[in-house]
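This report refers to the structure that appears directly beneath it.
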Amino acid sequence: MTIGVLGGGQLGRMLALAGYPLGLRTELYDPSLDACAG
123 MTIGVLGGGQ LGRMLALAGY PLGLRTELYD PSLDACAG
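Under the numbering used here, think of the first position of the sequence shown as 123, with each following residue one higher.
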């Protein structure tokens, strides 16, 4: 399953890290180049 997240800040990064052990794929979208989630 893939989850889309608008915004790559700290909350987006935490969501991606929490979903990883559950086998979730996370797609992050943030137009800024210095987003925390990378």
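Think of the CB as a built atom: it goes at the ideal place given N, C-alpha and C, for glycine as much as any other residue.
C-alpha distance - residue i paired with residue j, whole-angstrom precision
i	j	result
G130	S154	9 Å
G141	C158	17 Å
G134	V127	7 Å
As assigned by DSSP and simplified to three states, the class of residue i
i	result
L150	strand
L168	The structure shown does not extend to residue 168, since the chain spans only 123 to 160, so no value can be given for it.
M123	coil
G145	coil
A138	helix
L133	helix
C-beta atoms of residue i and residue j nearer than 7 Å
i	j	result
L146	M123	yes
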